[in-house]
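First up is the structure itself, then whatever we jot down about it.
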Amino acid sequence: MGAQPGVGETVLALDRVSKRFSAEAAAVDSVSLSIRRGEVFTLLGPSGCGKTTTLRLVAGLERPDAGEITLRDRVVASAARRLFVVPNQRNLGMVFQSYAVWPHMTVFENVAYPLRLRGLGKAAVRDRVARVLDLVGLGGLEARPGTLLSGGQMQRLALCRALVYEPDLLLLDEPFSNLDAKLREQMRMEVKLLQRRLGITVLFVTHDQVEALSLSDRIAVMHGGRVEQVGTPRALYERPASAFVRDFLGQTVILSGRVATPASDEATGCVTVAMNGALAGCSLTGRNASPAALAPGSAATVAIRPEDIRVERDDAAPREAHHLLGTIDALSFVGDRYEARVSLGGEHGIVLLLTRAREWREGDRVRLGFPPELVSVWPA
Amino acid sequence: MAGLTGALAAARPRRLELQGLLCTVVLGAVALCVVFPLLLVALQSLQIAPPGQPARYGLDGWRAALGEPGLRSALVNTLTVTLARQLISLPLAVLIAWLLARTDLPARGWIEFAFWAAFFLPPFTVTLSWILLLDPEYGLLNTSIAALPFVGAGPFNIYSFWGIVWVHIVTGSLTVKVILLTPAFRNMNATFEEASRVAGAGTLRTALRITVPVMAPAILSVLLLGTMVSLQTFEVEQVLGLPFRFFVFSTTIYDLLVTRVPRYDAATALAVLILAAMLPLVFAQQRLTRGRRYTTVTGQFQSRVHALGRWRAPATLFVLALVVVVLGIPVVFALLGTFMKLFGFFHVPDPWTLANWQTVLGDELFLRSLHNTLVLSIGTAVVAILVHSLIAYIIVRTSYRGRRLLDFVSWLPFTVPGIILGLALLWLFLGVGFLRPLYGTTALLIVAGVIAGMPLGVQIIRSGLLQLGGELEEASRIAGATWWATYRRIILRLMAPTLLAVGMITFVGAARNIGNFALLTTSANRPLSILQLDYVAQRKFEEAVVVACIIMFVSLAGALLARLVGLRGGGLG
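Chains as they are written, first to last, in our numbering: chain A, 1 to 380; chain B, 1 to 573.
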C-alpha cells in the first residue's frame, strides 16, 4: 500500500452521533469524527468518557439515538433514517478487552471461524490461518485449546482472528489493559509494526495516555461524552486546546496569578502574568492558550510541562525574568533520574525530574527557568 | 441505491419489532401461567356459591378463613413450625458452612458434596425413614431406649410438633442453607479475617466478630429464602400431622379441596393470606440481593484456612454425625423399610421380605405411574431447558423493556407455595375454555413442573450467561456470524453443561414433586410421587416406601449427574 498514513480516503465517519443509556446524561454526545485509510486513530479519555460506547456504536453493538455512521461509502447506522446494519454485516475486526477467545475452540478454530462463515474452502482456510498465525508468531500452536494460552498469546490470537478476513477497519478496545507492564510495551510495539506493515486502519480505545501517544497517528481526547480535541499526539501534548486535555495528557505544573499590563506583545501573542501569594513580585510570560484575549488584571493560570522547566543550581544569580527560585524539599533517586519535590517561595510544591548527570541534595536552592515559548497562559 | 437503502430502512425496524414481539410473547406466556392463575385464586376467594351453581360473590370464604378455629390454628401452626425450623437450622448451617469453607476440616469437599446430595433427597422418603426410627410405639430408637433399664417408654414421638420440626430440619432447612452459605463463605475476602488474626483475635473471636458480620447480608438472604422454602412443603405435614390432626395451611387447603363438598372459597382465601404474608419477604430478599447476586469472584484464591487445632476431631465428628443424620439415616432406613413385612415392626419374628418389591413392581398401577413419571420428568426437563434459557437470555442479553418484569415474574413461583400454585393452575385449566381439555393430562403436569423449576432454572442459566460475558458473543457477531449462528456455535456450546445441569435438576424436581401436582392429578396422569402419597393415605406404608425409595435413587442419580456436568452449589445462589 505504502500510502502516507492519515492522508487517504475516509474509512469511517461519525456525524453528530449520540447515545444515551439514562435520561440524565448522554454517554456519547454529538460526536463527529472522520478516520482516514491506514491511520491509527485513538479515542482517549478517562473511564466513563464515552470512548468505549463510541467504539461499540461503530461496531454495531449499540444503536445510536441520533446521528449517522458511515463505513467506507455505506451508511451503517442512521437514527434519522431508522437504518441499522447489524455487526456481522459491517466487515469489521475487533479485539476485545477480555480477548473473547472462545474457550471451546482451538487456536486454529478460533481464527478459522470468521473464514468459514465467509464460505471459504478448506484449503484456503488452512492457508490463511497459517499465514496470519505465522505473522504474530503463533505458528505451531494451531491445535492448542484457546484457554491454554498465556495473556500475550491470547491477545495475539484475538488479533489474528480480527485480521484474518482483512476487515475494512480494526477496532481495539483497551487490548493491552490485561497485560503486565513489560508485555504491554512489547505488544504495543508489535501492533504498531504489524499495522505499518499491513497498512490497516485502526480505531483504538484506551485510557492510557502513553499507549495513545506512542501508537496513534491521531488522537481524539474524549470527556463527558464529547470530543474535546482531535490532533496528532505532539500537537495535543504541546498545544492542548482545553485545560482538560492539558491535564489529562502528561504532567503539568500550574501556578496562578493575574494578567499583568496589557497583553504585552501583540506580535508574539505572549501574555505576562504576575504571580500570587508567596511568589508575589515574580512574573512569568507565555503564550495565550485560550482563543479570547485575556483582560489585564483578570485571574489566570500559568502552565508548563515539568520537563520543560530548566533547572539550574542557584548561585545567587540576580533575579531574572522568566525565572523562579525554589528549594528541593525531598529528593528520591528512581534509577534513571531523580524525582524532586521543589517548593517555590515556601508555598507551592511542584514535582520535577532532575538528571542524574549532577549531584543533588535535599535543601539545595535551585533556579527554575520557564521559557516563554513553552509556557501557556489560561484564564482561571 | 436509494431504493436499496429505502428497503433496508424498512426492513431493520421490523426485525427489531420482531424481537420485541417475541420477548413480549414470552413475558405474556409466563405471566399467563404464573400471575394470572394467582389472580384467579384471589378472585375465587370472593366467589361463595358451591361448585356447579351460578357465581355469587361475598366474604364468606374470608370470614371462614379468619374466623374458623381450624383455619386460624392452621395459620398459627404454619408460622410456629417455620419459626422453629429457621431458629434451629440457621445457626447450625452457619457453623457448618464456616467449618466447610474457612477451616482445615478434613474431607470438606466430600462433606459438602454429602450435603448437596442430601438436599436432593425427597422429603417424603426422608419422612418415612424417620418414622421407622421415631414412631412412638415401634420406632427403633424408641424401642432401643425403652429396652434400657429404668426407662418406661421411648421418649420420642414423630407425630408431634417437634417431630415435624425435626423432619423439616433434616430434610431441607439445614441442607439448603449449607449448600447456599458454603460457597458464599468461601468467596469471602480472606484478608478481612487475616487482618483480625494479625490484630490479635483468635479463631473463634474472628469468626464471631468478623466473618459472620461480614457475611450478614448473605446469611439474612439465605434465611429469607429458607423461610420461603419452608412455607412450600406439604408432604411432611400431610404424613406426620394428619394422625394427630395437626394442620398447616398447605394441608388445610388440600383438606378443604379433597373432600366431597370442596370449600373453594375458604381454601383460596387462605391461599391469598399466605401469599400476602410472603410479599414482605419477597421484597426484603430482592432488596438484599440486588446487585450482589452475581458479583463474580476474582481470581484471588485464599489459600489459608484456619487451623482448628484440638477442635479438629470434635468438629469432624460433629459434622460427620450431621451427615449421617441428613444423608445416611434416610437412605439406609428407606432402603431397609422396603424389605419389611410390616413397615416399622423390627421385632416381629423374621421381619424381612422381598414381597414389597415384587408387589409394587408387578402392580399395574405402579407401572402406569412410572410411565407417567418418566414422560413427565423428561418432558419437563426438555421444555424447561428451552423455556428457562429463553427467559434467562432475554433477561441478560437483550435490552427489552419488560425484562425486569420478566425477571421478577420468573422468580415468583419460588415464593408461591406449591399447593397454591397447583390450585392456581387448576383454576386456569378448568376456568379457561381452550385449556380445559388439558386437564388430567401429563401436559398439564409438565406445565406445573416447568413453572415450579423456573426460579432455579432461570437463575442458574442466567448466572452462567453472565459468567460467559457478552464479549464472546459479540466477537462472533463482529467476525460475521448472524445471531442464530452465534447462538448455535458459541452460546449453546459453551452453555451446554449448564443447560444439562438445569435439565437434570428439573428432571429430579418433577420426579419428586408432590406439592405442585397434588391437586392436578387424576387417576390418568398420576405420577409416582402422588402414588406414594396415595399409598400412605391407604396406610400401605410398605408399598409407599418402595416407591419413595425409587424416587430417592432417581433423585440422587440426578444430583450426581448434575454435579458431574459441572454445576456447583454457588450456581444456586
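Ideal Cβ placement from N, Cα and C applies to all residues, glycine included.
{"query": "Continuous alpha helix (DSSP H) assignments of at least 4 residues falling wholly in the stretch 68 to 107 of chain A", "result": "none"}
{"query": "D104/B beta carbon less than 7 angstroms from that of V305/B", "result": "yes"}
{"query": "Whether A392/B touches R489/B by CB criterion (7 angstroms)", "result": "no"}
{"query": "Limits of the unbroken alpha helix (DSSP H) element including Y535/B", "result": "528 to 537"}
{"query": "Host alpha helix (DSSP H) of C282/A (start-end)", "result": "Counting along the chain, C282/A falls outside any alpha helix (DSSP H), and DSSP gives it neither H nor E."}
{"query": "V167/B versus V331/B - alpha carbon distance", "result": "14 angstroms"}
{"query": "Sub-7 angstroms separation of S199/A and G38/A beta-carbons", "result": "What sits at residue 199/A in the sequence shown is Gly, not Ser. The answer is yes: Cβ separation under 7 angstroms."}
{"query": "Those runs of the alpha helix (DSSP H) which lie wholly inside the stretch 303 to 375 of chain B and span at least 4 residues", "result": "312 to 323, 329 to 338, 355 to 362"}
{"query": "E112/B beta carbon less than 7 angstroms from that of L95/B", "result": "no"}
{"query": "CA-to-CA distance, F96/A to H207/A, given in whole angstroms", "result": "15 angstroms"}
{"query": "Closer than 7 angstroms to chain B by CB, S150/A", "result": "no"}
{"query": "Residues within the stretch 460 to 494 of chain B neighbouring chain C, beta-carbon criterion of under 9 angstroms", "result": "Absent from the structure: chain C. Protein chains present are A and B."}
{"query": "C-alpha distance - N88/A paired with P175/A, whole-angstrom precision", "result": "21 angstroms"}
{"query": "Buried/exposed call for M189/A, threshold 16 Cβ in 10 Å", "result": "exposed"}
{"query": "Inter-residue Cα distance where the pair is Q153/A and W483/B", "result": "28 angstroms"}
{"query": "CB contact check: M154/A to chain B, cutoff 7 angstroms", "result": "no"}
{"query": "Counted within 10 angstroms of its Cβ, other Cβ atoms place L148/B as buried (16 or more) or exposed", "result": "exposed"}
{"query": "Outcome for L83/B when other beta-carbon atoms lying within 10 angstroms are tallied against a minimum of 16", "result": "exposed"}
{"query": "Alpha-carbon spacing of A501/B relative to G48/A, whole angstroms", "result": "38 angstroms"}
{"query": "Cα-Cα separation, L40/B to W352/B", "result": "50 angstroms"}
{"query": "Buried versus exposed, by CB contacts within 10 Å (16 or more), N91/A", "result": "buried"}
{"query": "Per DSSP, the bridge partner or partners of D173/A", "result": "V205/A"}
{"query": "Rounded distance between the beta-carbons of R258/A and S298/A, thought under 8 angstroms", "result": "7 angstroms"}
{"query": "Per-residue burial, P527/B [other beta carbons within 10 Å of its own, 16 or more giving buried]", "result": "buried"}
{"query": "Contacts that R118/A makes with chain B (C-beta to C-beta distance below 8 angstroms)", "result": "G480"}
{"query": "Identified DSSP bridge partners for R36/A", "result": "T10/A"}
{"query": "Cα-Cα separation, S369/B to L468/B", "result": "40 angstroms"}
{"query": "Buried or exposed (CB count within 10 angstroms, at least 16 for buried), Q300/B", "result": "Unreliable placement is indicated for Q300/B, whose pLDDT of 40 sits below 50; the coordinate value is still reported in the next sentence. It is exposed - the Cβ of Q300/B has fewer than 16 other Cβ atoms within 10 Å."}
{"query": "Interfacial residues, the stretch 35 to 68 of chain A to chain B, with Cβ spacing under 9 angstroms", "result": "R56, A59, G60, L61, R63"}
{"query": "Reduced DSSP secondary structure (H/G/I, E/B, other) of C549/B", "result": "helix"}
{"query": "Expected contact under 8 angstroms - CB spacing of L279/B and A114/B to nearest Å", "result": "35 angstroms between Cβ atoms; not a contact."}
{"query": "Residues sharing a beta bridge with I219/A, DSSP", "result": "T42/A, G231/A"}
{"query": "As assigned by DSSP and simplified to three states, the class of Y57/B", "result": "strand"}
{"query": "Amino acids of chain B, ordered along the chain, whose beta-carbon sits closer than 8 angstroms to that of F108/A", "result": "None at all; the shortest Cβ gap to chain B is about 15 angstroms."}
{"query": "Per DSSP, the bridge partner or partners of T327/A", "result": "S343/A, R365/A"}
{"query": "CB contact below 7 angstroms: G369/A versus chain B", "result": "no"}
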